[in-house]
Each structure stands twice: as structure tokens, then as C-alpha cells.
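Student: Before we start, here is the structure in question, set down as C-alpha cells.
As C-alpha cells, this is what we get:
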């Protein structure tokens with residue numbers, strides 16, 4: 010059927026609902042229809058094995074220029090479905106709002122969406138919460154700050170944000186000129202995440218307050234942050250309360266921060282520092 014329909018370039022609506030279409034068959038249809046720029050409604054409802062909702066959304070986002078908002082909450086889209094949607098978002102210039110909450114989307118799906126949104130210039134409201142991991146908060150915020158040039162304070166404390174989620178956010182913050190306060194307390198940020206923050210601070214010239222209390226940053230992460238912060242001319246307040254790093258090397262690096270005259274407040278509470286460490 011896919012081969013027969015492939016030549017019909019004017020096809021706008023195709024209803025294949027409740028036909029027991031398998032995943033493999035649906036994938037074949039999806040690939041076959043990539044050249045159809047007029048297909049705006051592709052109905053696969055009732056075919057339980059395939060990613061019907063996401064596949065329908067792909068063609069609607071890609072080809073229906075009248076679609077400006079799409080609510081896809083609670084549709085079991087998953088990572089594969091997220092890839093369908095991400096592919097459509099890359100060249101979309103009309104969609105303003107997209108809701109993907111509660112869809113069991115994981116790391117791979119978020120990665121695909123993240124790369125799509127880097128080139129998308131239209132989407133302003135993007136919701137991903139209540140999926141499998143906490144880094145959706147970071148990706149939502151990244152999209153928000155990319156569109157809204159007036160946001161000055163970001164507080165994502167206590168959201169279980171991990172390093173990959175943080176990477177989404179720091180990538181958008183590198184060239185941001187409006188955010189001056191970034192609070193990421195009580196998350197799951199490790200040395201890898203600290204390296205992402207350091208990379209961001211090396212380019213960002215507006216963040217003055219950075220809070221990383223109660224994360225999982227150890228010696229290497231503190232060293233990476235320090236290497237950047239000692240030359241940073243903007244940061245005035247840094248909070249590192251209740252992170253596990255206690256080694257002397259880390260403290261030596263932290264002391265070096267005092268050379269930065271703009272850094273007026275440094276918190277390292279919650280440490281169990283021995284004589285050698287002090």
C-alpha cells in the first residue's frame with residue numbers, strides 16, 4: 010500500500026485507523042510518506058502496536074501551516090515517538106505551543122528534541138514534565154529563555170535535574186544576555202554537570218549569582234569550576250553548600266577565587282574538613 014500511495018503527491022488525508030497495522034508497517038508508511046508535503050492528516054488511531062499519535066503529529070507539524078498549538082499529553086509517545094516529532098520540528102515555522110507531558114519520554118527522546126529545538130526559531134511554549142527524568146524542567150526552561158528575552162532569574166532547585174538535562178540549559182545560556190541569577194540547588198549534578206556549567210560561564214557575561222548547593226559535585230568538578238571562575242569578571246555570589254568535595258586541592262582552588270575581586274561571597278558549608286584539608 011505504501012508503494013502504491015507514494016506516487017500520489019497531492020494526498021492530504023489518509024485514514025488507516027483500527028486496521029491492526031504493525032510497528033514495521035507503520036514505519037514503512039512513515040518513510041514512504043516523507044516526500045508528501047501536503048499530507049496534513051494521517052490517522053492511525055486504534056492501531057495499538059505502532060506509535061500512532063507521534064506519527065500523526067509528525068505530519069501535522071510538518072505540513073499543516075495552520076497548526077500553532079498541539080496538546081499531546083498522556084499518549085505513551087516514548088523515545089521513538091519523540092524522534093518523529095523532533096524531525097518535524099526542525100523545519101517548522103508555525104508551531105508556537107507543544108505539550109508533551111506524561112509521555113514516558115527518556116534520555117534518547119530528549120536528546121532528539123533538544124537538537125531539533127536548537128534550529129527551531131518559532132516554538133515559545135514547550136512542556137515536557139511528568140516524563141521519566143527530571144531534566145525535562147531544564148529543557149523546558151531552555152526553550153523559554155531562548156524565546157523570552159526578559160527572563161532574569163531561573164530557579165530549578167529540587168527538580169532532580171541530572172547532567173544531561175543541565176547540558177540542555179547551559180547550552181542555551183552561553184550567549185544569553187538577560188539571566189543574572191541561576192539556582193540549581195538540590196539536584197543530581199555531578200562533576201560532568203559542573204564541567205558544563207564551567208563551559209557556559211566561560212562564555213556567559215551576565216550571570217552574577219550561581220547556586221549549586223546540595224548536589225553531587227566532587228573534586229574534579231570543583232576544579233573545573235574554579236579554573237573558569239578565577240578569571241570570570243561577572244560572578245559575585247557562588248554557593249556550593251553540601252557538595253561532597255572535601256580535598257585540599259579543591260579548597261586551594263576555592264581560595265584562589267579570592268583573587269577575583271568581583272567574587273564577594275563564597276559558601277562551602279556542610280564540609281567535614283580535616284586538618285590537611287583546611
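Numbering (the working numbering), first residue to last: 10 to 287.
Think of the CB as a built atom: it goes at the ideal place given N, C-alpha and C, for glycine as much as any other residue.
Whole angstroms are fine: how far does the CA of residue 108 sit from the CA of residue 188?
Tutor: Each residue's Cα considered, the two are about 25 Å apart.
Student: According to DSSP, is residue 44 part of a helix, a strand, or is it coil?
Tutor: Helix, per DSSP.
Student: In terms of residues, what are the limits of the beta strand (DSSP E) holding residue 134?
Tutor: First-last of the beta strand (DSSP E) with residue 134: 134-136.
Student: If we ignore side chains and look at the alpha-carbon of each, how far apart do residue 23 and residue 52 end up?
Tutor: Distance between the alpha carbons of residue 23 and residue 52: 6 Å.
Student: The alpha helix (DSSP H) that contains residue 117, what's its start and end?
Tutor: Segment 116-128, the alpha helix (DSSP H) holding residue 117.
Student: Take the Cβ of residue 82 as the centre, count every other Cβ of all protein chains shown within 10 Å, and call the residue buried at 16 or more, exposed below.
Tutor: It counts as exposed.
Student: Which stretch, first to last residue, makes up the beta strand (DSSP E) that contains residue 163?
Tutor: Run containing residue 163: 162-164, per the beta strand (DSSP E) assignment.
Student: Among 88, 227, 97, which one has its Cα closest to the Cα of residue 117?
Tutor: The shortest Cα separation from residue 117 among 88, 227, 97 belongs to 88.
Student: Can you find a heavy atom of the ligand MN that lies under 7 Å from the Cβ of residue 114?
Tutor: In the structure on display, the ligand MN does not appear, and there are no ligands present to speak of.
Student: Tell me which same chain residues have a C-beta within less than 6 Å of the C-beta of residue 230, skipping the five on either side of it?
Tutor: Cβ neighbours of residue 230 beyond the five flanking positions: 200, 203.
Student: Considering Cα atoms alone, identify which of 250, 198, 228 is closest to residue 222.
Tutor: Out of 250, 198, 228, 250 has the C-alpha closest to the C-alpha of residue 222.
Student: Rounding to the nearest angstrom, what Cα-Cα distance links residue 196 and residue 110 in this structure?
Tutor: Rounded to whole angstroms, residue 196 to residue 110 spans 20 Å at the Cα level.
Student: Could you give the first and the last residue of the continuous beta strand (DSSP E) run that contains residue 192?
Tutor: Element bounds for residue 192: 190-192.
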